[in-house]
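Working notes, structure below.
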Amino acid sequence: MNAESTTVDLEQLRAAIAEVLELDPAEVTDDAHFVRDLGGDSLLALEMQIVLETQYGVRLTEDDLGEATSLRGMYELVLKKTAAG
Amino acid sequence: MNPDDLVVTGIGVVSPRGCDPAALDLDGTAPADDSWFDATAELGARGYKYVPPAGRYLLAATRRAVADAGDPLAGVPEGERGMALGTNSGIAALIDAMDATITDAGAERLSPATAPYFSINTLAGRVAMDHGVKGWNLTLTSPRTAGMETLLAGARAVAAGRSAVLLAGSTEAPLPVHHPGHALSEAGAAVLFLEPRAAAAARGATPYGTCRTATFFLTTAERTVHEALARLVEDAGAPDGTTLPARLICDPCPAGTALAGHLRRLGVPADIVPPGAGTLLPFLHLTRGLARPGPPHLVAAASSDGACALTLVQPLPTPRPRASEQEPR
Numbered sequence: 001m002n003a004e005s006t007t008v009d010l011e012q013l014r015a016a017i018a019e020v021l022e023l024d025p026a027e028v029t030d031d032a033h034f035v036r037d038l039g040g041d042s043l044l045a046l047e048m049q050i051v052l053e054t055q056y057g058v059r060l061t062e063d064d065l066g067e068a069t070s071l072r073g074m075y076e077l078v079l080k081k082t083a084a085g
Numbered sequence: 001m002n003p004d005d006l007v008v009t010g011i012g013v014v015s016p017r018g019c020d021p022a023a024l025d026l027d028g029t030a031p032a033d034d035s036w037f038d039a040t041a042e043l044g045a046r047g048y049k050y051v052p053p054a055g056r057y058l059l060a061a062t063r064r065a066v067a068d069a070g071d072p073l074a075g076v077p078e079g080e081r082g083m084a085l086g087t088n089s090g091i092a093a094l095i096d097a098m099d100a101t102i103t104d105a106g107a108e109r110l111s112p113a114t115a116p117y118f119s120i121n122t123l124a125g126r127v128a129m130d131h132g133v134k135g136w137n138l139t140l141t142s143p144r145t146a147g148m149e150t151l152l153a154g155a156r157a158v159a160a161g162r163s164a165v166l167l168a169g170s171t172e173a174p175l176p177v178h179h180p181g182h183a184l185s186e187a188g189a190a191v192l193f194l195e196p197r198a199a200a201a202a203r204g205a206t207p208y209g210t211c212r213t214a215t216f217f218l219t220t221a222e223r224t225v226h227e228a229l230a231r232l233v234e235d236a237g238a239p240d241g242t243t244l245p246a247r248l249i250c251d252p253c254p255a256g257t258a259l260a261g262h263l264r265r266l267g268v269p270a271d272i273v274p275p276g277a278g279t280l281l282p283f284l285h286l287t288r289g290l291a292r293p294g295p296p297h298l299v300a301a302a303s304s305d306g307a308c309a310l311t312l313v314q315p316l317p318t319p320r321p322r323a324s325e326q327e328p329r
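Taken in sequence, the protein lines are chains A and B. When the letters of the first sequence are read in order and numbered with UniProt numbering, they come out as residues 1 to 85. When the letters of the second sequence are read in order and numbered with UniProt numbering, they come out as residues 1 to 329.
Have a look at this one:
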């Protein structure tokens, strides 16, 4: 998937987030909290922002990252952002 | 403090030329890709993804050196731990990649987790984070000679009371493909753990030996160079009628030729070894020399800009027991 694609596939998003967090995709369960459960931190949140912005062609804000704290939340956020164009 | 009061009690090497200091294959070139390095085995599965390759090599070599020394850091306050690192191309590829990102996509696309490593000092800084090195931390970048220069700078810092122990080493990662020095790229790291002889004895550690280093530029006055070299050669104490073995790592450049000439006039004919692109090969030569019992010998390096460094390596005359075999006191 690249910046020109607006399709959001949950498993591809899971793999991308797992890559950022240095985890196996299976560890990134739908509702695991990025910080509390998966060992993320503020630097990795910024890394995730850059990776997902590049991958999905969307703009994410710090507030977005503060609210989308799990795979499910991030999926819904990216879906909404891509749909809004 | 006498320079020989600082002894090497731990050696750590990770290199495509081998990881056993005594068995390093230092002839010819070595592959400078990353395939030889098992980051997970050396460092664990998580936590080092964003550390550049030269940083990972350095972390792994440091772990090995500290373990080889018998894990002495627990007995050394963090404020009394010092580190000196030599590198030339440790972050060259990273800087190139960051330049490309800025040019092609803009600075806002830089990886936040990797960006801190834009500074050459952060390689040793990352080691400081893992090993609590809070006394002092210095990165040297003189072409070819910086690895050996760490031994002189570090010994001075310990003598001045800035730290009780010293981690000194070299790390390199391959130069970018388009770089003129790419074919001679080096990869890997070597680190020595050094401490005062009395401290090593107090904890029952057997040293590998000592490293006494001299550095200068060959634009320096002839007499100064001669005196510095003569001191090293005399301190080697080669028996009458024998020649001090010497290995000089350098290009066929005027500085290398001049240094070889100086040594020859002192009765020390040096074997000339072609260099790599960075600081690692001379440091690997001296680590292998330390790890193999034998007579004192010189390891020298010179760069085309005139930087010269010589280390008198004085290993133990007989094999040293492994750290696990040494009796703690």
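Ideal placement from N, C-alpha and C gives every residue a C-beta, glycine not left out. Quantities reported herein were computed from a predicted structural model and do not represent experimental measurements.
Nearest to residue i (by Cα), restricted to the options the options
i: Leu290 of chain B; options: B:Cys308, B:Gly276, B:Pro319, B:Tyr57; result: B:Pro319
i: Arg63 of chain B; options: B:Leu244, B:Ala39, B:Thr29; result: B:Ala39
i: Ala236 of chain B; options: B:Gly188, B:Leu310, B:Ser303; result: B:Leu310
i: Gln49 of chain A; options: A:Leu23, A:Gly66, A:Asp37; result: A:Gly66
i: Ala32 of chain A; options: A:Ser42, A:Arg14, A:Leu46, A:Gly85; result: A:Arg14
i: Ala146 of chain B; options: B:Ala84, B:His131, B:Asp99, B:His182; result: B:Ala84
i: Pro295 of chain B; options: B:Leu286, B:Ala302, B:Ser303; result: B:Leu286
i: Arg126 of chain B; options: B:Val177, B:Cys253, B:Leu58, B:Ala302; result: B:Leu58
i: Val51 of chain B; options: B:Gly79, B:Leu123, B:Trp36, B:Gly82; result: B:Leu123
i: Gly181 of chain B; options: B:Asn2, B:Ser170, B:Pro143; result: B:Pro143
i: Arg223 of chain B; options: B:Asp305, B:His262, B:Arg212; result: B:His262
i: Gly132 of chain B; options: B:Leu24, B:Glu78, B:Pro282; result: B:Glu78
i: Ala105 of chain B; options: A:Leu60, A:Glu53, A:Ala84; result: A:Glu53
i: Val313 of chain B; options: B:Pro252, B:Cys211, B:Leu280; result: B:Cys211
i: Val20 of chain A; options: A:Glu62, A:Leu46, A:Gly85, A:Arg36; result: A:Leu46
i: Asp41 of chain A; options: A:Gly85, A:Ala26, A:Arg72, A:Glu62; result: A:Glu62
i: residue 337 of chain B; options: B:Ala300, B:Gly276, B:Pro53, B:Pro282; result: Outside the displayed range of chain B (1 to 329) lies residue 337 of chain B, so it cannot be described from this structure.
Own chain residues within Cβ distance below 6 Å of residue i, not counting five before or after
i: Asn2 of chain A; result: Confidence at Asn2 of chain A is low in this model, with a pLDDT of 47, below 50, so the placement of that residue is unreliable and no value is reported for it.
i: Asp33 of chain B; result: none
i: Met74 of chain A; result: Ala68
i: Leu194 of chain B; result: Leu6, Val8, Leu166
i: Gly39 of chain A; result: none
i: Arg197 of chain B; result: Asp5, Val7
i: Pro245 of chain B; result: His297
i: Gly278 of chain B; result: Asn88, Ser89, Glu172, Glu186
i: Glu11 of chain A; result: none
i: Leu259 of chain B; result: Ala302, Cys308
Endpoints, beta strand (DSSP E) assigned at residue i
i: Phe193 of chain B; result: 188 to 196
i: Glu172 of chain B; result: 165 to 172
i: Ala214 of chain B; result: 209 to 217
i: Ala26 of chain A; result: That residue, Ala26 of chain A, is in no beta strand (DSSP E); it is neither H nor E in DSSP.
i: Val297 of chain B; result: The amino acid occupying residue 297 of chain B in the given sequence is His; Val does not appear at that position. Its beta strand (DSSP E) spans residues 297 to 302.
i: Asp271 of chain B; result: 271 to 273
i: Ala22 of chain B; result: That residue, Ala22 of chain B, is in no beta strand (DSSP E); it is neither H nor E in DSSP.
i: Ile91 of chain B; result: Here Ile91 of chain B belongs to no beta strand (DSSP E), and DSSP marks it neither H nor E.
Other residues of its chain near residue i: CB distance less than 8 Å, five sequence neighbours each side excluded
i: Ala206 of chain B; result: What sits at residue 206 of chain B in the sequence shown is Thr, not Ala. Counting only Cβ-Cβ distances below 8 Å, and skipping sequence neighbours, we find Thr9, Ala200, Leu316, Arg320, Pro321, Gln326.
i: Ser70 of chain A; result: Asp30, Asp31, Ala32, His33, Phe34
i: Arg56 of chain B; result: Phe37, Ala39, Glu42, Leu43, Tyr48
Residue span of the alpha helix (DSSP H) that contains residue i, given as start and end
i: Glu66 of chain A; result: It should be pointed out that residue 66 of chain A corresponds to Gly in this sequence rather than to Glu. From DSSP, the alpha helix (DSSP H) with Gly66 of chain A extends over 62 to 67.
i: Arg64 of chain B; result: 53 to 68
i: Ile17 of chain A; result: 10 to 21
i: Leu140 of chain B; result: Leu140 of chain B -> not in any alpha helix (DSSP H); beta strand (DSSP E) instead, spanning 136 to 140.
i: Ile11 of chain B; result: That residue, Ile11 of chain B, is in no alpha helix (DSSP H); its beta strand (DSSP E) goes 6 to 14.
i: Gly261 of chain B; result: 254 to 265
i: Ala157 of chain B; result: 146 to 159
i: Ile50 of chain A; result: 42 to 56
i: Thr287 of chain B; result: 280 to 291
i: Leu123 of chain B; result: 122 to 131
Cβ-based neighbour list, residue i, same chain, cut-off 7 Å, excluding 5 preceding and 5 following
i: Val8 of chain A; result: Tyr56, Tyr75, Val78, Leu79, Thr82
i: Glu4 of chain A; result: Low confidence applies to Glu4 of chain A: its pLDDT is 44, below 50, so where it sits in the model is not reliable enough to give any reading.
i: Arg162 of chain B; result: Gly82, Gly135, Trp136
i: Ala22 of chain B; result: Arg288, Ala291, Arg292
i: Val233 of chain B; result: Leu244, Leu266, Val268
i: Ala255 of chain B; result: Leu218, Ala302, Ser303, Ser304, Gly306, Cys308
i: Asp96 of chain B; result: Pro176
i: Thr141 of chain B; result: Thr87, Asn88, Ile120
i: Thr101 of chain B; result: Arg109, Leu110
Short CB-CB distance (under 8 Å) between residue i and chain C
i: Ser142 of chain B; result: As a matter of chain content, chain C is missing from the structure shown, whose protein chains are A and B.
### Query
Three or more C-beta pairs closer than 8 Å, one from the segment 211 to 231 of chain B and one from the segment 89 to 101 of chain B: is that the case here?
When C-beta atoms of the segment 211 to 231 of chain B are compared with those of the segment 89 to 101 of chain B, fewer than three pairs fall below 8 Å, so the two segments do not count as touching.
#### Entry: Residues, ordered as in the chain, of the segment 81 to 112 of chain B that lie near chain A by beta-carbon distance below 7 Å
Within the segment 81 to 112 of chain B, the qualifying residues are Arg109, Ser111, Pro112.
### Query
For the segment 5 to 30 of chain B, which residues have a CB atom closer than 7 Å to at least one CB atom of chain A, in sequence order?
Here the close residues number zero.
#### Entry: Members of the segment 10 to 28 of chain A that neighbour chain B once the beta carbon cut-off is set at 7 Å
Against chain B - using a Cβ distance shorter than 7 Å - the residues of the segment 10 to 28 of chain A are Glu22.
### Message
Counting only Cβ-Cβ distances shorter than 7 Å, please list the residues of the segment 26 to 46 of chain A near chain B, keeping chain order.
### Response
The residues in question are Leu43, Leu44, Leu46.
### Task
Scan the segment 42 to 53 of chain B for residues whose Cβ lies nearer than 8 Å to a Cβ of chain A and list them as they occur along the chain.
Against chain A - using a Cβ distance shorter than 8 Å - the residues of the segment 42 to 53 of chain B are Ala45, Arg46, Gly47, Lys49, Tyr50.
### Against chain B: residues of the segment 48 to 62 of chain A by CB proximity under 7 Å
Those residues of the segment 48 to 62 of chain A that come within reach of chain B (Cβ to Cβ, closer than 7 Å) are Ile50, Thr54.
### Task
Evaluate the contact criterion for the segment 148 to 161 of chain B versus the segment 106 to 113 of chain B: three or more CB pairs, one atom per stretch, below 8 Å.
Contact between the segment 148 to 161 of chain B and the segment 106 to 113 of chain B is absent: fewer than three C-beta pairs spanning the two stretches fall below 8 Å.
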